[in-house]
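Take a look at the structure set out below.
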Amino acid sequence: MHQKSVATLNWFLMMTQLPLFNTFSAKFEHDLPVGPSYIFVCNHQSMFDIPPLIFYLRKYFPKFVAKIELAKGIPSISLNLRIGENCAIDRKDRRQAITTLTRFAKNAHEKKRSVVIFAEGTRSRTGVPKPFQKNGLLTLFKYMPDAIVVPVSVNNSWKIDRYGKFPYGIGNHIYFTTHQPIPIKGQDHEQVILQAQQIVHNNISSTAV
C-alpha cells in the first residue's frame, strides 16, 4: 500500500508540470526483471529528477541515497526520505556519511532492495555531466556484492529550474533511459564506475549548455 501511495503521489507531482507543457518519459533499453537488487546510477540535474525516478522505477521500489538537506522543506520528497528507509547523508560530516551509507547498504543487501544514487554528488545546473564521485558507489558495491548496476541517463530536467525556483522553464521533454546492466560480482569496482560513467555521459543530450 505504501509503495502504491508513494508512486501515485509522485505521478501527481509530475503532472503539476503539464500546464507548463513540460512532459516526462522513460525508456528501458534492457529487461530488468524484478527480484535482483539493482543500483541505479544516475546523473543529477534537478529536483525534478526524483519524482519521475520514483514513478518509473516503482516496481523495483528503490531506496534513495540523498543529501541530508533534502530531508526537510520539500513537499512529499522530504517526508518520503525520512520515513521510507532511505539514506540521508551529511556531506560535511565524512564519518556520519560513511557510517550511515554502510548501514544502509548492508540493510539493502539483506533485504534484497534496490537503490538509486546520484553519482555526481551535486546536480548539474546546466545539464553538463560531472565526474562520478567514487566513495559512495564503492561503499554500496562493497556491501551489496550481489547487486547489478544500472546506468540511468537523465536529460533536460535542468531546463525546468534553470532560472531558480521561479519562473519554471516551459515546453521541455524530460526523459530517462536505463542502459545496459553491469554485474558487480567478479568485476573491478573502479572499472564498473568508469563504465557506468561513460555510458551515462555518452547519453546526455548535446543541448546541455
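The numbering of the sequence shown is full-length UniProt numbering, which starts it at 1 and goes up by one.
Beta carbons: idealized from backbone N, C-alpha and C, even for Gly.
Just so you know, these numbers come straight off a predicted model, no measurement behind them.
Worksheet item: Beta carbon of Met14, beta carbon of Phe24: below 7 Å?
Response: yes
Worksheet item: Looking at Asn86 and Phe64, is the spacing between their C-beta atoms short of 7 Å?
Response: yes
Worksheet item: Do you know offhand how far residue 211's Cα is from His173's?
Response: Absent from the model: residue 211. The displayed extent of the chain is 1 to 209, so no value can be given.
Item to complete: Quick one: grab the DSSP three-state call for Ala66.
Response: strand
Discussion item. For residue 252, which residues in the same chain have their Cβ closer than 8 Å to its Cβ, ignoring the five residues on either side in sequence?
Written reply: Outside the modelled stretch of the chain, which goes from 1 to 209, sits residue 252, for which no answer is possible.
Worksheet entry | Coarse secondary structure for Ile89, derived from DSSP in three states | strand
Item to complete: Whole angstroms is fine: what's the gap from Met144's alpha carbon to Pro36's?
Response: 11 Å
Worksheet entry | Ile89 vs Thr99 beta-carbon contact at 7 Å | no
Worksheet item: With distances taken from CA atoms, which of Leu18, Pro52, Gln191, Ala196 is nearest Val6?
Response: Pro52
Item to complete: Reducing DSSP to helix, strand and coil, say where Thr23 ends up.
Response: strand
Worksheet item: Could you give the C-beta distance for Gln3 and Phe55, rounded to a whole number, given that I count them as a contact under 8 Å?
Response: With 8 Å as the limit, Gln3 and Phe55 do not qualify as a contact, their Cβ atoms being about 11 Å apart.
Practice prompt. Give, in chain order, every unbroken run of the alpha helix (DSSP H) that is at least 4 residues long and sits entirely within the segment 92 to 144.
Written response: 94 to 110, 134 to 143
Practice prompt. Answer yes or no: do residue 219 and Ile148 have a C-beta to C-beta separation smaller than 7 Å?
Written response: What the structure shows of the chain is the stretch from 1 to 209, and residue 219 is not part of that stretch, so it cannot be assessed.
Item to complete: Return helix, strand or coil for Ser37, following the three-state DSSP convention.
Response: coil
Worksheet item: Going by beta carbon distance, what residues of the same chain come within less than 6 Å of Leu140, once the five residues before and after it are set aside?
Response: Ile39, Ala105
Fill in: Secondary structure of residue 212, DSSP reduced to three states
With the chain covering only 1 through 209, there is no way to say anything about residue 212.
Fill in: 7 Å CB neighbourhood of Gly136 in its chain, flanking five on each side removed
Val65, Leu101, Ile117
Item to complete: Using alpha carbons as the reference points, say which of Lys185, Tyr163, Lys67 lies closest to Gln96.
Response: Lys67
Practice prompt. Could you have a look at Ile182 and say whether DSSP puts it in helix, strand or coil?
Written response: strand
Worksheet entry | Cross-strand partners of Val150 (DSSP beta bridge) | Phe40
Fill in: Whether Val34 touches Pro151 by CB criterion (7 Å)
no
Practice prompt. Select from Ile199, Gly121, Lys111, Val115 the residue whose C-alpha is nearest the C-alpha of Lys92.
Written response: Gly121
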